[in-house]
Amino acid sequence: MEHNMELKHKIESILFFKGQPVSFIELSKLLEVSIEDVKKSLQELSDDHQKKGTRITYNDHECEYVTASETSDILSKLIKQEDESELSNAALETLSIVLYMGPITRSMIDFVRGVNSQFTVRNLLVRGLIEKDPTSKNSSYIASLDTIKFLGLNRVTDIPNYVEVKHSISQFIKDNSNESEK
Amino acid sequence: MEHNMELKHKIESILFFKGQPVSFIELSKLLEVSIEDVKKSLQELSDDHQKKGTRITYNDHECEYVTASETSDILSKLIKQEDESELSNAALETLSIVLYMGPITRSMIDFVRGVNSQFTVRNLLVRGLIEKDPTSKNSSYIASLDTIKFLGLNRVTDIPNYVEVKHSISQFIKDNSNESEK
Amino acid sequence: MTSVFAVQTKVFEGPLTLLLEMIEKRKLHINEISLAQVTNDFLDFVGMLEHKDLEKLTEFISIASTLILIKSKSLLPHLDLADEEKTEVEDLELRLKLLQIFRGAAKDIKEIFGNTILYSRLQTSKKPCVKFLPTDQITTIKMKWYADQLLQNLPKTDKKPQKRVSRTITLEEMMNKVINRVRQHMSISFKTLSGEHKEKKNVIIGFLAILELVKMGNVDANQSERFEDIMIESRNPSIPSYGT
């Protein structure tokens, strides 16, 4: 299947996926083609995107997939709305779990909530309400200092019923970890 | 400037920017157009992307900008994906019931399978393969966009034998409509 | 009997799956005839089920009782099923056919699942965490409320199965009852035995239990003429026979 795809579309896919600048060298290694071929394909790709909502930009050594400048108005509107929007129940529930259970991994949050929390966690991260715990090896989340201050607490353990809630949820995790294997 | 952009390209830009599923309602509000217009543009956009390195995938209520299935080999090299455990037969069976019959309630799933599906359903929810249908009042489940992405399809109707299976099921559902009220 | 052991080694999701596999193993279509054919195998399996998991057992017994209806009808052509019983039989066929379709669909899905994934963007345009954007929804009271809600809604796994086990008598219980009655009276008429039950289903279970016992050589059943009462006698050598 892969072989039917033109080189430029493979590059398009990689740039889209990475979402950050990628060097010509990296592309050439990954796709096992010459840097010249990469450059040629990028030129074509960039032309293809002339009137689209997204663009391919590049300089002399790297390239990136970005939104078209013509759409910046609508995107600023989107950002403003997102920043000012109320938090969903899912977001508040997840924040509560991170407060009581943090540091806690994404998969444990999912397990306790019984639904996938990928986007909810991402949203909380973007808003600075939670953050990656710098001390845990497997990426775990904790409430940000700003959140704890905002709640008027000195430390997270001062939240009402901290010990009881933490205990009950931990117990649930312990009792059910076999079920999750099914 | 923005006004020169076609609606579909604005949608393209927003979907790119978000990098996660976006509901038709959100797009319609943000762009101040009808949901019908959103759907029409998405259809066009999806067709435009037929031979590209990226695709537009969607179900009945949301859409996402993703990479093309033909490039999955290259991209899988780029991520050290946690080897997600394979789906059990029970999970596959339940997922296919939700795919073809969704929105469907838990009790109807139980009825079709002849067993209590509480944990299987919860597992599928945790993995993000099914989700609560945002439009139904009694909590019903539908297949998520993630399922469609894992199947490498643009939309659910691209499943092999989809039409035949859907047809045979609809014959039974008609006779069985009383049961679903239970 | 080997077929039963073959299926027993597998973990069965439920009675429908078991029944469907029994039918598929014999390469039969789903209909009353095939269901009557696999009834004995199914009952054998249910007989071996542990009583620990009451919920599971109930699921099996409710299907078993429908099968017994079907089997009885195939043995007693004169038996008229009530409307409700007819629906029960039709429902079972329907559910089996639906499940068969979905098991096929699940295989199709398994073939392609995860082979060529459509990936989301690894990184969105929005970089996390340069700003702090709280709302006034974030209060300690609210956070505790959400935690309490969560705890309340966690699925309970350790709950003891309620006393909602089907009131239908299990086959095994019925067999024991027949054996005991035969032991006591040495010879008992089917009418006497079934007269204790009002529900037709229980009469049928009784009847099938007798057939089972006859098959196993524990009792003799005699019917002098069609539609006459059936006489049941113990054949167990351990029971002293004062017989005629």
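Heads up: the sequence lines are chains G, C and F, in that order.
The first sequence lines up with residues 6 to 187 when you count with this note's numbering.
The second sequence lines up with residues 6 to 187 when you count with this note's numbering.
The third sequence lines up with residues 361 to 604 when you count with this note's numbering.
C-beta atoms are modelled at their ideal positions from N, C-alpha and C, and glycine is treated no differently.
Near Arg-527 (chain F), what residues of its chain come up, given a Cβ to Cβ distance below 8 Å and the 5 sequence neighbours on each side ignored?
Along the third sequence, read from residue 1 onward, the residue named residue 527 (chain F) stands at position 167. Because Arg-527 (chain F) carries a pLDDT of 45, less than 50, the predicted location of this residue cannot be relied on, and the following value inherits that uncertainty. Nothing listed; no residue qualifies.
In chain order, what residues of the same chain have a beta carbon less than 7 Å from the beta carbon of Glu-49 (chain G), not counting five sequence neighbours either side?
Taking the first sequence and counting its residues from 1, one reaches residue 49 (chain G) at position 44. Excluding residues within five positions, the ones whose Cβ falls inside 7 Å are Lys-13.
Could you tell me which whole beta strand (DSSP E) segments of length 3 or greater appear in the segment 24 to 64 of chain C?
As far as the segment 24 to 64 of chain C is concerned, its whole beta strand (DSSP E) runs of at least 3 residues are 59 to 63.
For chain C, check one thing: does any of its Cβ atoms lie closer than 9 Å to the Cβ of Ser-18 (chain G)?
Residue 18 (chain G) sits at position 13 when you count from the first residue of the first sequence. Answer yes: the Cβ-Cβ gap between Ser-18 (chain G) and chain C drops below 9 Å somewhere.
Using the DSSP secondary-structure output, state which residues sit across from Val-161 (chain C) in a beta bridge.
Position 156 of the second sequence holds residue 161 (chain C). For Val-161 (chain C), which the question treats as bridged, DSSP gives no partner whatsoever.
To the nearest angstrom, report how far apart Leu-129 (chain G) and Phe-492 (chain F) are at their CA atoms.
Working through the first sequence from its first residue, we reach residue 129 (chain G) at position 124. Working through the third sequence from its first residue, we reach residue 492 (chain F) at position 132. Cα to Cα, the separation comes out at about 10 Å.
From the DSSP output, which residues share a beta bridge with Lys-137 (chain G)?
The count along the first sequence starts at 1 and reaches residue 137 (chain G) at position 132. In the DSSP output, where bridge partners are listed per residue, Lys-137 (chain G) has G:Tyr-146.
Mark Gln-25 (chain G) as exposed unless 16 or more other C-beta atoms lie within 10 angstroms of its C-beta, in which case mark it buried.
Locating residue 25 (chain G) in the first sequence gives position 20, counting from the first residue. Classification of Gln-25 (chain G): exposed, given that the 10 Å Cβ count is below 16.
Is Val-168 (chain G) buried or exposed, if buried means 16 or more other CB atoms sit within 10 Å of its CB?
In the first sequence, residue 168 (chain G) corresponds to position 163, counting from 1. Exposed is the call here.
Here's a check: name, in chain order, each residue in its chain whose Cβ is nearer than 7 Å to the Cβ of Val-170 (chain G), leaving out the five neighbours to either side.
Your numbering for residue 170 (chain G) matches position 165 in the first sequence. Contacts found: Tyr-105.
What is the DSSP secondary structure of Val-71 (chain G), reduced to helix, strand or coil?
As a position in the first sequence, residue 71 (chain G) is number 66, starting the count at 1. Strand, per DSSP.
Kindly indicate which three-state DSSP category Thr-110 (chain C) falls into: helix, strand or coil?
Within the second sequence, numbered from 1, the residue matching residue 110 (chain C) stands at position 105. Strand at Thr-110 (chain C).
Please tell me whether Tyr-105 (chain G) has its Cβ less than 9 Å away from any Cβ of chain F.
Position 100 of the first sequence, counted from the first residue, corresponds to residue 105 (chain G). Yes - at least one Cβ of chain F is within 9 Å of the one on Tyr-105 (chain G).
Expressed to the nearest angstrom, what Euclidean distance is found between the alpha-carbon atoms of Trp-505 (chain F) and Lys-516 (chain F)?
Within the third sequence, numbered from 1, the residue matching residue 505 (chain F) stands at position 145. Within the third sequence, numbered from 1, the residue matching residue 516 (chain F) stands at position 156. In a straight line, the C-alpha of Trp-505 (chain F) is about 20 Å away from that of Lys-516 (chain F).
Could you list which residues in chain C have their beta carbon closer than 9 Å to that of Ser-407 (chain F), in chain order?
Locating residue 407 (chain F) in the third sequence gives position 47, where the first residue counts as 1. The sequence shown places Gly at residue 407 (chain F), rather than the Ser named in the question. The contacting residues do not exist; Gly-407 (chain F) stays about 19 Å from chain C at best.
Counting contacts by CB-CB distance shorter than 9 Å, is Pro-515 (chain F) in contact with chain G?
On the third sequence, position 155 is the one that residue 515 (chain F) refers to. Chain G, which has a Cβ nearer than 9 Å to the Cβ of Pro-515 (chain F), makes this yes.
In whole angstroms, give me the CA-to-CA distance for Ser-144 (chain C) and Ser-141 (chain G).
The residue labelled residue 144 (chain C) in the question sits at position 139 within the second sequence. The residue labelled residue 141 (chain G) in the question sits at position 136 within the first sequence. Between Ser-144 (chain C) and Ser-141 (chain G), the C-alpha separation is close to 37 Å.
Within a Cβ cutoff of 8 Å, which residues of the same chain sit near Asp-465 (chain F), ignoring the five residues on either side of it in sequence?
In the third sequence, the residue the question calls residue 465 (chain F) occupies position 105. Correcting the residue type first, residue 465 (chain F) is Ala in the shown sequence and not Asp. No residues qualify anywhere along the chain.
In whole angstroms, give me the CA-to-CA distance for Leu-379 (chain F) and Ile-16 (chain C).
Indexing the third sequence from 1 puts residue 379 (chain F) at position 19. Indexing the second sequence from 1 puts residue 16 (chain C) at position 11. Roughly 50 Å separates the two Cα atoms.
For Pro-375 (chain F), which of helix, strand or coil comes out of DSSP?
By 1-based counting over the third sequence, the position of residue 375 (chain F) is 15. It is helical.
For the alpha helix (DSSP H) that Val-131 (chain C) lies in, which residues bound it at each end?
Mapped onto the second sequence, residue 131 (chain C) falls at position 126. Counting along the chain, the alpha helix (DSSP H) containing Val-131 (chain C) begins and ends at 123 to 131.
Determine the contact status of Ser-18 (chain C) and Thr-76 (chain G), defining contact as a CB-CB distance below 9 Å.
For the purposes of this step, residue 18 (chain C) is taken as the residue at position 13 of the second sequence. For the purposes of this step, residue 76 (chain G) is taken as the residue at position 71 of the first sequence. Yes. Within cutoff.
Within the continuous alpha helix (DSSP H) that includes Thr-399 (chain F), where are the two ends?
Start at 1 with the first residue of the third sequence, and residue 399 (chain F) comes out as number 39. Start and end: 392 to 408.
Taking just the CA atoms, how far does Thr-110 (chain G) sit from Ser-81 (chain C)?
The count along the second sequence starts at 1 and reaches residue 81 (chain C) at position 76. The count along the first sequence starts at 1 and reaches residue 110 (chain G) at position 105. The straight-line gap from Cα to Cα measures roughly 23 Å.
Strictly below 9 Å CB to CB, what residues from chain G border Lys-416 (chain F)?
Stepping through the third sequence from its first residue, residue 416 (chain F) is reached at position 56. Those do not exist, as Lys-416 (chain F) stays about 15 Å from chain G at its closest Cβ, beyond 9 Å.
How is the alpha helix (DSSP H) around Ile-79 (chain C) delimited, first residue to last?
Indexing the second sequence from 1 puts residue 79 (chain C) at position 74. Residues 77 to 83.
How about Gly-119 (chain G): is its C-beta nearer than 9 Å to some C-beta of chain F?
On the first sequence, position 114 is the one that residue 119 (chain G) refers to. At least one chain F Cβ lies under 9 Å of Gly-119 (chain G).
So Leu-92 (chain G) and Gln-497 (chain F) are in contact, right, with Cβ under 8 Å, and what is the actual spacing, rounded?
In the first sequence, counting from the first residue as 1, residue 92 (chain G) sits at position 87. In the third sequence, counting from the first residue as 1, residue 497 (chain F) sits at position 137. About 5 Å separates the two Cβ atoms, so the contact holds.
Tell me which residues share the same chain as Asn-133 (chain C) and place their Cβ nearer than 8 Å to its Cβ, disregarding the 5 neighbours each side in the sequence.
To locate residue 133 (chain C), count along the second sequence from 1; it is residue 128. Per the sequence shown, residue 133 (chain C) should be read as Gly rather than Asn. Correct list, in chain order: Ser-149, Asp-151.
Mind listing the chain F neighbours of Phe-177 (chain C)? Cutoff is C-beta to C-beta under 7 Å, in chain order.
By one-based count along the second sequence, residue 177 (chain C) stands at place 172. Under the 7 Å cutoff, chain F gives Leu-454, Lys-457, Leu-458.
Over the uninterrupted alpha helix (DSSP H) stretch that includes Thr-500 (chain F), give me the two end residues.
Stepping through the third sequence from its first residue, residue 500 (chain F) is reached at position 140. 500 to 513 is the span of the alpha helix (DSSP H), which, as asked, contains Thr-500 (chain F).
For Val-27 (chain G), which residues from the same chain have a beta carbon less than 8 Å from its beta carbon, with the 5 sequence-adjacent residues on both sides left out?
By 1-based counting over the first sequence, the position of residue 27 (chain G) is 22. Closer than 8 Å at the Cβ level, and outside the excluded window around Val-27 (chain G), lie Ile-19, Leu-20, Glu-67, Cys-68, Glu-69.
Going by DSSP in three states, Lys-187 (chain C) sits in which element: helix, strand or coil?
Stepping through the second sequence from its first residue, residue 187 (chain C) is reached at position 182. Caution is warranted here: a pLDDT of 39 is assigned to Lys-187 (chain C), below 50, making its placement in the model unreliable, and no coordinate value can be reported.
For a quick check, are the C-beta atoms of Ser-74 (chain G) and Arg-60 (chain G) less than 9 Å apart?
Stepping through the first sequence from its first residue, residue 74 (chain G) is reached at position 69. Stepping through the first sequence from its first residue, residue 60 (chain G) is reached at position 55. Closer than 9 Å, so yes.
Is the beta carbon of Arg-386 (chain F) less than 9 Å from the beta carbon of Gly-119 (chain C)?
In the third sequence, counting from the first residue as 1, residue 386 (chain F) sits at position 26. In the second sequence, counting from the first residue as 1, residue 119 (chain C) sits at position 114. No. Outside cutoff.
Just to confirm before moving on: does the CB-CB distance between Asp-52 (chain C) and Thr-476 (chain F) stay below 9 Å?
Locating residue 52 (chain C) in the second sequence gives position 47, counting from the first residue. Locating residue 476 (chain F) in the third sequence gives position 116, counting from the first residue. No, they are not a contact pair.
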